[in-house]
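These notes are about the structure you will find just below.
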Amino acid sequence: MKKPRAAKPSAPPKPALGLSFQDVILNLSRFWAERGCVLQQPYDIEVGAGTMAPETFFRVLGSEPYRVAYVQPSRRPADGRYGENPNRLYKHTQLQVILKPAPDDVQQVYLESLEALGIPLRRHDIRFYEDNWEAPTLGAWGIGWEVRLDGLEITQFTYFQQCGGLDLDPVSVELTYGLERIAAFLQKSPTVFDLNWGGGKTYGQMRLEEERQLSAYSFDQADTAICRKIFELSEQEARRLLGSYPKDAPTAARLKFPLLAAYEFCLKCSHLFNVLDARGAISTTERAALIGRIRTLACQAAALYLDQKSVEGARA
Amino acid sequence: MSRDFLLEIGCEDIPGWMLPEAEASLRELLEKELGARGLLEKEPIQTYSTPRRLVACCARLAVVEPDRTSEVVGPPKSVAFSPDGKPTRAAESFAARQGVSVKALVTVETPKGEYIAAHSRQKGRPARDVLAEIIPGVVRGISFPRTMYWTSPEGLRFIRPIRWLLALFDGKVVRVKLGGLESGNTTRGHRLLSPAAVAVKSLEEYRRRLAKAFVVLDARERQRIIAREAERALKREGLRRRADIAQLEELANLTEHPAIVRGEFSTEFLSLPAEVLITVMRHHQKYIAVEDARGQLAPVFIAVLDLDGDASGEIRRGHETVLAARFRDAHFFWQADQKRSLAERVRLLDQVVFQAQLGSYAKKVNRVVTLTEWIARHLVWPQGRRADIEAAARAALLCKSDLTTEMVGEFPELQGIIGGLYARAQGEPEKVAQAIYEHYQPAAADASCPSTLEAAALALADKLDTIAACFGAGLAPTGSRDPFALRRAGTGVVRIVVEGGAALSLRAAVEQAVSGLVRGGLKVEDPVRLASEVLTFLEERARYVFRELRQHPFDEVNAVFAAGWDDLAEAAARLEAVRRLRPSKDFEPVAAAFKRIRNILEQAGNGQARAAGRANEELLEAGPERELFDRFVELRPRVAALRQAHKYEDALRLIASLRPQVDRFFDKVLVMAPDERVRENRLALLAQVLREFSTVADFSEIVVTPKG
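As they're listed, the protein sequences go chains E and G. Position 171, counted from 1, in the first sequence is what numbering that gives the first Met the number 0 calls 170; the numbers after and before it change by one each time, with no gaps. Position 287, counted from 1, in the second sequence is what numbering that gives the first Met the number 0 calls 286; the numbers after and before it change by one each time, with no gaps.
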């Protein structure tokens, strides 16, 4: 058997079979916008999943109804394969939808979103298999399923139960579409790099360099001492900020507190942890401890967010 | 009068593996609630389930509860009535409170004397009202391994969101409110094939319309369809499903309308081990693996759908693409892993934590090597066979290296197996490879034990080390919590020894395991106590294995264990002897006599001194006492010899043959004679009989069936 081949970046996209990658994004965005979602832009800090963007992490807290959809490029350094594996990526693309509170017919609406992608439901095997999602660095978890389309996992469907260590009331539903997989399915492409991205480009032309270089960095070249130092510094800065929250100060001072900045440092920790992990620089013993440190920051940020919301509510 | 009852809880997809227990729980709760109210008649409660519904029904339920009479006891008669029989105020107010007239009060006898009482008769309520009252509690009470909320933490909790509730009795809706839902008379068909709501009026109509709406309600029927369709798709090529009942059940519980597709994969992938291919298909993709007539894996799989078929072949192609990608990954892992041998990987185990308080796998491997050697040296198998110590120790050294491989990272359920396969591929001796391959066995109560002596030695050492280490760190199982699966490990230890018929002192092995912990630098506060705790735990596992898995009655297990259980294979042989001899005519009477002896000795007090006593021949009275003694003396060496030769059944039969002498002794002889010396001597005789004839099994533990 041959080794999986690297995709050739120069190959022009084949005639479009299914929706292009960008049309998948457009269709899903339109679908959810028509159902009352705000379309937000991707978050501009490295995250491992759309859940980590403040649009999910903070918005699911508290009681205010909210509906949002956004594309979130998500980095998983350990999953990188230098662009040589047809289906594994350092950075994949999620379309994240948050529906708060969870609508009664959410499963049905989700299925309709697949129809919006041109998937005739009656001609495919669509299954909801138990999969309870958990993000230990965020103190977040939920109950739900992975959705399989003819055996291919295309979406994580979760009823959020806790986020930042806090019980959620009301419950939000989180739908996380794996866009590369959906596009590969629609275009019947065995490798993600041959996908038609749109605009006359393949996925490989758009992203292969990034896969090669970032895999090379996180597997081979990351200086673990430096990364560790940045981790420590980021944690230190997040902790300092969170510790300086003016709990007893008047409303205005509390609202001015840069909670989002503190949370961004927490996200940096999370990403650096992933880089160090891919580099093989974290022992199993240390892993739990580091995850715990990041979670502490995330949980503090969640609690302060609610405090800010409560004073904001009191003022309004 | 009776009418049909139907309850359907409509849900978002419930995990298939939870359905059988959920059904049982629903049935039990309804039986209990309806039974307690006298509404159940001859017809049983039946239950069904699919991923989207839990259903309970009963063809005939009573229409009203039976009337009930109740008695409320009031004040003493002497207080309630004056001596001339006139009711006092006490009687009047009691009667008023109970809503009866004073005339209707009755006198009842109580242990405290005569009291007055009121009898009241409650009319049974209509079944419909009762059902409305109990259904919310029943639904909430269904037990699931884990539940969720989907509105708010104060909202209803269930396994997945409940989206509709159908409750019918006698053709009409039973009005129930539950977590914001109201019951109705509509069900829903298959999510995609017949999504419209369907109103029904009866059980019969429900079944009929659901079948038309592409829902196969009965899980067994769904299993039959899958099995039949798979056979149809395979038999022309001489292929068949790999036998796997558990998987068939699981697949049937993941679909409301089963259909199958037959897919293929490239024969290139058959160069990967069958274990890997099957794991990918079975666990990751939920496909049925296929084999040829010789049992060889074929490049074919069956995927079960929740749909009515795959006319265009698109679904099949989709599944084939996904499977090929997963196999390609596995192939990639296999090749990447061969860059470092298992032997080279041993040092990487420094970085792999066995358990936070217990250090790395490198340390565990060190301990397991030593313990494996000890066990291989001391364990004697039938016909005097012994394990190859060198091979067993080599296997122990390499057995955890696969934890550092990509393949086990991706397929953790294959640890051990991957190690065995890699060892073979890397040219390790076959005995070593096989021992690594099997060292996690038995993986479940009904799974097989290691097949070679080296594998058994390693499996025992690994499990004993884990148990001792976890107990030492205070991680013993408590109640239903057993996060390190120590009970399974303990059961494994017992089964390996017993099923292999291998002679081993459990105490010595446990002491070795504990001293290994101490030598390995783990903090063990009191090694002696730790060993005794582990032994107590293993004794409990052994009793469990004999009672639950090998079906020995509990009193026989008690009897045999009272005579020792350090060598479990030997205890198993004694248990078999008791099982075979139990029905014989003298067995239970002798057991009863031994029990009597034990009671007499206990009542006589000063137990320990007496238990060790010996009868003085000169003080024996002629007749039954002398006869018992003579017979005892005659049997004693023969019993001992038979026990020595492991002829337990013959030994027991001989002991049981003491019955006539024992019976006559108790008939004719007064044990508690007035003369102290005679009395003490008789007690000593009994103690001696009990002691020396309890070495195979302690008869006095046998629970004798009372004669009818």
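Each residue gets a CB set at the ideal place from its N, CA and C atoms; glycine is no exception. Nothing here was measured: the structure is a model prediction, and the numbers come from that model.
- In this structure the segment 468-482 of chain G touches the segment 512-527 of chain G; the number of beta carbon pairs closer than 8 Å is three or more.
- With 16 or more neighbouring CB atoms inside 10 Å of its own CB, Val-299 of chain G falls in the buried class.
- At least one CB atom of chain G sits nearer than 8 Å to the CB of Trp-144 of chain E.
- Listed along chain G are Ala-324 and Arg-327, each with a C-beta nearer than 8 Å to that of Pro-85 of chain E.
- If you look at Arg-162 of chain G, you'll find it in the beta strand (DSSP E) that goes 161-168.
- Using beta-carbon distances, Gln-106 of chain E counts as an interface residue toward chain G, with a partner under 8 Å.
- In this chain, the beta strand (DSSP E) harbouring Gly-143 of chain E covers 139-148.
- Nearest CB-CB separation between Gly-317 of chain G and chain E: below the 8 Å threshold.
- Beyond the five residues adjoining it in sequence on each side, Tyr-439 of chain G comes within less than 6 Å, by CB distance, of Gly-415 in the same chain, given in chain order.
- Thr-266 of chain G counts as exposed, since fewer than 16 other beta carbons sit within 10 angstroms of its beta carbon.
- Residues of chain E whose Cβ lies closer than 8 Å to the Cβ of Val-321 of chain G are, in chain order, Asp-149, Gly-150 and Leu-151.
- Look at the segment 155-169 of chain E: the residues with a C-beta under 8 Å from a C-beta of chain G are Tyr-158, Gln-160, Asp-166, Leu-167, Asp-168 and Pro-169.
- If you draw a straight line from the Cα of Asp-309 of chain G to the Cα of Ala-58 of chain G, it comes to about 37 Å.
- In this structure, the CA atom of Phe-93 of chain G is about 23 Å from the CA atom of Asp-66 of chain G.
- Of the candidates E:Ser-62, E:Arg-58, E:Arg-180 and E:Asn-195, E:Ser-62 places its Cα closest to the Cα of Pro-169 of chain E.
- At a cut-off of 8 Å between beta carbons, Pro-482 of chain G makes no contact with chain E.
- Put simply, the CB of Gln-284 of chain G is near chain E, with a gap under 8 Å to one of its CB atoms.
- Listed as beta-bridge partners of Ser-359 of chain G by DSSP are G:Val-352.
- The straight-line gap separating the alpha-carbon atoms of Phe-536 of chain G and Glu-22 of chain G is approximately 34 Å.
- Here His-256 of chain G carries a coil assignment [DSSP, helix/strand/coil].
- In the three-state reduction of the DSSP assignment, Val-638 of chain G falls in the helix class, which pools H, G and I.
- Distance from Val-96 of chain E to Leu-174 of chain E at the Cβ level is roughly 4 Å; contact confirmed, criterion being Cβ atoms closer than 8 Å.
- For the segment 9-22 of chain G, the beta-carbon criterion of a distance under 7 Å to any beta-carbon of chain E is satisfied by Glu-11, Asp-12 and Pro-14.
- Residue range 76-79 is occupied by the alpha helix (DSSP H) that includes Lys-76 of chain G.
- Within the segment 170-218 of chain G, the complete beta strand (DSSP E) segments of 3 residues or longer fall at 185-187 and 196-198, listed in chain order.
- Leu-303 of chain E places its beta carbon less than 8 Å from that of Leu-241 of chain E.
- Using beta-carbon distances, Tyr-148 of chain G counts as an interface residue toward chain E, with a partner under 8 Å.
- Membership of Tyr-69 of chain E in the beta strand (DSSP E) is indicated by the continuous run 65-74.
- Taking 8 Å as the threshold, the shortest C-beta distance from Pro-298 of chain G to chain E does not fall below it.
- The C-beta of Glu-129 of chain E comes closer than 8 Å to at least one C-beta of chain G.
- Taking 8 Å as the threshold, the shortest C-beta distance from Pro-144 of chain G to chain E does not fall below it.
- With 16 or more other CB atoms across the displayed protein chains lying within 10 angstroms of its CB, Lys-363 of chain G is buried.
- Ala-258 of chain G is positioned such that its CB atom lies closer than 8 Å to that of Glu-228 of chain G.
- The beta-carbon of Ser-400 of chain G is placed no less than 8 Å from the nearest beta-carbon of chain E.
- For Ile-314 of chain G, a Cβ of chain E is located within less than 8 Å of the residue's own Cβ.
- Within the model, the alpha-carbon separation for Ala-475 of chain G versus Ala-442 of chain G is close to 19 Å.
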